[in-house]
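In our numbering, the protein residues as written are 107 to 282. Idealized CB from N, CA, C, for every residue including glycine. Note that this is a predicted model, so its numbers are computed, not measured. Below is one structure, written out as structure tokens; comments come after it.
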Ligand code: FOL
């Protein structure tokens with residue numbers, strides 16, 4: 107059935123975008139070369155409720171709004187593309203799918219691989235004019251990946267499991 111946008115969806119989206127902004131810009135840890143935060147938690151919920159495309163759009167809005175409100179560096183559009191792709195990954199693994207360990211782990215794995223280990227090193231290398239092999243890019247990044255991949259997988263699974271999907275989709279009026 108074709109989804110019709112209604113006011114509940116828009117307000118839910120707005121709340122989740124606000125949570126991403128707060129988690130990534132206020133409660134997140136950031137240096138010039140690394141960013142660690144729990145902004146992926148609202149992205150799980152967004153992915154479950156709205157699917158890949160709209161989660162990508164929501165994450166892009168969160169990135170641009172977050173940069174407008176709390177810019178600590180110059181705006182770089184590569185990170186906006188990251189947001190779209192990461193949102194797409196959450197939507198792909200969690201939209202209308204049962205939350206399983208396999209999906210939770212694969213989702214965390216593809217996010218780490220595509221965003222943190224492929225795209226971000228390219229953006230940082232362009233932004234700070236560093237060679238792509240630079241240790242300042244890879245050192246903290248590899249440590250972060252090793253620490254966050256298991257944490258993210260576990261949280262994907264448990265957050266995915268506790269979200270009362272039936273209840274929420276009923277209130278959002280897009281149950282099939
Ligand atoms: N431009 C935009 N559009 N959004 C931003 O958040 C942004 N942030 C910075 C500069 N321009 C921006 C500040 N610098 C990482 C590290 C420093 C940094 C931006 C990103 C970083 O390492 N990020 C994550 C993955 C990227 C993501 O989640 O979007 C990482 O790999 O740890």
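Taking the CA atoms as reference points, residue 261 sits about 33 Å from residue 236. Put simply, the region 258-278 touches the region 200-215. At least three CB pairs are less than 8 Å apart.
By the criterion of a C-beta distance shorter than 8 Å, residue 246 is surrounded in its chain by 137, 139, 140, once the five residues flanking it on both sides are discounted. The beta carbon of residue 184 lies closer than 6 Å to those of 229 in the same chain, with the five residues before and after it left out. Look at residue 202 here: in three-state DSSP terms it is coil, with no helix or strand label.
Annotation for residue 150 indicates a beta carbon at 7 Å or more from all heavy atoms of the ligand FOL. In its chain, beyond the 5 residues on either side, 238, 243, 244, 247 have a beta carbon closer than 8 Å to the beta carbon of residue 227. Checking the DSSP bridge columns, you'll see residue 145 has no partner listed.
For residue 198 and residue 241, the gap between their C-alpha atoms comes out near 33 Å.
Following the DSSP letters along the chain, one finds residue 218 in no alpha helix (DSSP H), marked with neither H nor E. In this structure, residue 188 has its beta carbon less than 7 Å from a heavy atom of the ligand FOL. Assigned with DSSP and collapsed to three states, residue 139 falls in coil, not helix or strand. As the crow flies, the alpha-carbon of residue 143 is around 14 Å from that of residue 221. Residue side-chain check: residue 250 places its Cβ nearer than 7 Å to a non-hydrogen atom of the ligand FOL. Counting along the chain, no alpha helix (DSSP H) covers residue 110, and no H or E run does either. Using a Cβ distance threshold of 8 Å, residue 148 and residue 175 do not count as a contacting pair. Not one heavy atom of the ligand FOL is found less than 7 Å from the C-beta of residue 110.
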